[in-house]
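Numbering-wise (the numbering used here), the sequence shown opens with residue 80 and increments by one. C-beta atoms are modelled at their ideal positions from N, C-alpha and C, and glycine is treated no differently. Since the structure comes first, as structure tokens, the remarks are kept for the end.
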Amino acid sequence: MGIKKVKIFDADPDVVRSMAGTDIEVMVAAPNDMLATLAKDPEASDAWVRENVTSLNFEEGVYIRWVAVGNEPFLTAYEGVYLTTTVPALRNIVNAVANAGLADTVKATIPFNADILNGAAKPSETRFKIEYIE
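Below, the structure is given as structure tokens:
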């Protein structure tokens with residue numbers, strides 16, 4: 080059966096290259112400390128995608144399918160530090176992926192944990208907390 084998908088919590092090129100030729104689908108991540116830069120500078124997002132997705136996806140034969148924008152940036156322990164930068168960073172990464180011609184094969188997402196949910200007893204009643212709704 081084997082491993083089919085893997086999430087890497089950064090985009091270390093050596094680690095990503097190690098997936099070449101394996102048919103493993105890979106998620107790379109832009110770290111939390113880059114969110115402010117990615118949010119305010121679309122060119123930085125384009126450069127990040129070029130360096131960490133496009134070059135490895137094609138030149139190195141890695142199947143990068145997802146980009147995680149941050150790693151649980153809404154975690155309560157971060158005390159809201161990333162609240163204003165995460166969604167703009169996501170938008171810029173989505174645009175950068177599209178600019179690279181990869182919108183059909185690479186998707187961007189924001190990983191989160193249950194801190195951002197209202198804690199309803201039933202999953203069907205769970206909603207995002209109001210401070211996380213844009």
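Beta-carbon spacing of alanine 90, asparagine 131 below 8 Å: As a working note, residue 90 is residue 11 in the sequence shown. As a working note, residue 131 is residue 52 in the sequence shown. Going by C-beta atoms, alanine 90 is nearer than 8 Å to asparagine 131.
Residues of its chain near asparagine 111, where Cβ-Cβ distance is below 7 Å and the 5 sequence neighbours each way are ignored: Within the sequence shown, the letter at position 32 stands for residue 111. The answer, listed in chain order, is Gly149, Asn150, Pro152, Tyr161.
Spatial neighbours of alanine 179 in its chain, beta-carbon cut-off 6 Å, leaving aside the 5 residues before and after: Locating residue 179 in the sequence shown gives position 100, counting from the first residue. Here the set comprises Val128, Thr133.
Counted within 10 angstroms of its Cβ, other Cβ atoms place serine 124 as buried (16 or more) or exposed: Sequence index remark: in the sequence shown, residue 124 carries index 45 (1-based). Here serine 124 is buried: its Cβ has 16 or more other Cβ atoms, across all protein chains shown, within 10 Å.
Beta-carbon proximity list for phenylalanine 191, same chain, < 7 Å, skipping 5 on both sides: Taking the sequence shown and counting its residues from 1, one reaches residue 191 at position 112. Closer than 7 Å at the Cβ level, and outside the excluded window around phenylalanine 191, lie Glu151, Phe153.
N- and C-terminal bounds of the beta strand (DSSP E) containing valine 95: For the purposes of this step, residue 95 is identified with residue 16 of the sequence shown, where counting begins at 1. Under the DSSP assignment, valine 95 falls outside any beta strand (DSSP E), being part of the alpha helix (DSSP H) whose first and last residues are 92-96.
Rounded C-alpha distance that separates isoleucine 87 from glycine 100: As a first step, residue 87 must be located in the sequence shown, where it is residue number 8. As a first step, residue 100 must be located in the sequence shown, where it is residue number 21. Approximately 17 Å between the Cα atoms of the pair.
Beta-carbon separation (whole angstroms), isoleucine 143 vs leucine 169, contact threshold 8 Å: Along the sequence shown, read from residue 1 onward, the residue named residue 143 stands at position 64. Along the sequence shown, read from residue 1 onward, the residue named residue 169 stands at position 90. The distance from the Cβ of isoleucine 143 to that of leucine 169 is about 17 Å, inconsistent with a contact at the 8 Å cut-off.
For methionine 106: DSSP bridge partner residues: Counting from one through the sequence shown, the residue named residue 106 turns up at place 27. Bridge pairing for methionine 106: Lys86, Trp145 [DSSP].
Alpha carbon of asparagine 197 to alpha carbon of alanine 182, nearest angstrom: As a position in the sequence shown, residue 197 is number 118, starting the count at 1. As a position in the sequence shown, residue 182 is number 103, starting the count at 1. Near 32 Å, if we compare the C-alpha coordinates of alanine 182 and asparagine 197.
Residue from Asp93, Glu210, Val85 whose Cα sits closest to the Cα of valine 146: As a first step, residue 146 must be located in the sequence shown, where it is residue number 67. Put simply, of Asp93, Glu210, Val85 the residue whose alpha carbon is nearest the alpha carbon of valine 146 is Val85.
Alpha-carbon spacing of alanine 83 relative to valine 166, whole angstroms: Sequence index remark: in the sequence shown, residue 83 carries index 4 (1-based). Sequence index remark: in the sequence shown, residue 166 carries index 87 (1-based). Sequence check: residue 83 is lysine here, not alanine. Approximately 29 Å, taken between the alpha carbons.
Neighbour-count burial assignment, threonine 155, 16 or more Cβ in a 10 Å radius: In the sequence shown, the residue the question calls residue 155 occupies position 76. So threonine 155 ends up on the exposed side.
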